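Everything on this sheet refers to the single structure shown next.
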């Protein structure tokens, strides 16, 4: 091979390497894909999957799932408490037509990114919505969840809060529909889709109310004044508050927090709960404490990592399954 040929190959390899390094560092953000597999005109980025399921439910009922894509920021297996965004993730945050996040108490890693890249872009911080149902801890009673201001940030675990979230998201989606002239060629289409979304909200809120009462009936078969649950990570406050379940103890306020021997002794003195509930992502750490305390361990899926769970109503059912397994144990 001639000198010039070798030089050309080296230059080509160098160009390929530069491209590889660029994409490895900065990532490639693929276009958002709607439910029908085609590129979507509107992209909604949601920080956690349980809320994304709620948004998808709403779009499906409104007949908009083929026009609006919903993407989840938090990768499966990751924790919002310890997430470090890649450059490609920052770009997704920057480019999303609508960002839906829980809020700083849970996702403080997003705060500087939003301030820098979304100052003028539509964003919903769910923790700030009016009329959200609060837990007792939020009002200064019982165990104080210290993940920041606002108490327990896992607000999606209460179906009544899910209804409030659905209404807030619908308002923003209607704004996006009105803006997207590339999809809606005339005002009649915009009005039609907005009306469909309004109808979907009413229908969905009713479904959430029905689901809430169905959960209450299920739990009434196993819950009583004598049994109680303990949780590894204090994340179930909104669920136990809504459904009047007695939570005896919470070992940690945030995942991976160490529990001292003195605290373990105090927990043992309180009596044995029906079980220790732990998120599947925290199972390894929780198992050790369950063994030390002599408590039965039951897992649940806080962040909807199970891909077989495809709707918010299925998600709430899965959480209820864990409580039934815990409280129904003789």
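Residue numbers (the numbering used here): 88 to 417.
Beta carbons are placed, not taken as given, at the ideal position from N, Cα and C, and that holds for glycine.
Predicted, not measured: the structure shown is a model, and the values here were computed from it.
I need the straight-line Cα distance from residue 219 to residue 316, nearest angstrom please. 24 Å
Host beta strand (DSSP E) of residue 341 (start-end): Taken as a continuous stretch (DSSP letters only), residue 341 belongs to no beta strand (DSSP E), as it is neither H nor E.
Could you tell me if residue 416 is buried or exposed, where buried requires 16 or more neighbouring beta carbons within 10 angstroms of its beta carbon? exposed
Per the contact definition of three or more C-beta pairs closer than 8 Å, is the segment 396–404 in contact with the segment 140–148? yes
Can you find at least 3 beta carbon pairs, one from the segment 364–383 and one from the segment 313–332, that sit closer than 8 Å? yes
Where does the unbroken alpha helix (DSSP H) through residue 248 begin, and where does it stop? 246–266
What is the C-beta distance between residue 188 and residue 134, in whole angstroms, given that I count them as a contact (C-beta under 8 Å)? 4 Å
Check this for me: beta carbons of residue 287 and residue 277, under 8 Å apart or not? no
Under 8 Å between the Cβ atoms of residue 256 and residue 390? no
Can you grab the Cα-Cα spacing for the pair residue 293 / residue 349, in whole Å? 47 Å
Length at least 3, wholly inside the segment 299–326: the beta strand (DSSP E) runs in chain order: 316–320
Any idea what DSSP makes of residue 290, helix, strand or coil? helix
Sort 332, 280, 347 by Cα distance to residue 339 and report the nearest one. 347
For residue 353, count neighbouring C-beta atoms within 10 Å of its own C-beta (all shown protein chains included) and say buried if the count is 16 or more, exposed if not. exposed
Excluding five sequence neighbours on each side, which residues of the same chain lie with their C-beta closer than 8 Å to the C-beta of residue 245? 220, 325, 326, 328, 329
Find the nearest neighbour of residue 387 within the set 243, 369, 153, 409, judged by alpha-carbon distance. 409
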